[in-house]
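Okay, structure coming up:
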């Protein structure tokens with residue numbers, strides 16, 4: 005990944021973190037990279053008292069499968085309730101216009117504040 009792409013990603017992460025901090029919780033911020041045990045791009049996001057991992061992507065190519073796998077690893081690293089992907093909606097510059105993608109399992113985890121359904125099958 006080039007320096008340009010890292011900067012583009014960091015700018016996107018900052019935009020999302022700042023928007024969430026303004027409208028959800030002022031403790032939300034862009035997470036400092038932690039190396040091998042990455043815990044997502046945004047820190048401080050919680051739902052029903054539990055951590056939620058956001059993996060932010062600013063790229064023209066949509067790779068939901070690999071991104072979802074990455075979010076799941078980071079969710080596990082953070083012992084979080086759910087892992088979501090926030091990705092760039094091209095042609096739209098406002099943070100509130102960007103896409104959020106998650107699996108139905110992650111949606112159930114958010115709605116019930118539990119991952120119990122993953123062990124039930």
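Residue numbers (the working numbering): 5 to 125. All C-beta atoms in this analysis are idealised placements derived from N, C-alpha and C, irrespective of residue type, glycine included. All values derive from a computational prediction rather than experimental measurement.
- For the set 95, 25, 112, 98, the Cα lying nearest the Cα of residue 88 is the one of 112.
- Take the alpha-carbon of residue 82 and the one of residue 44: they are about 8 Å apart.
- Within the same chain, 101, 102, 103 come within 8 Å of residue 93 by CB-CB distance, once the 5 residues on both sides are set aside.
- Take the alpha-carbon of residue 48 and the one of residue 77: they are about 18 Å apart.
- With respect to the 8 Å criterion, residue 21 and residue 33 are classified as neighbours on the basis of their beta carbons.
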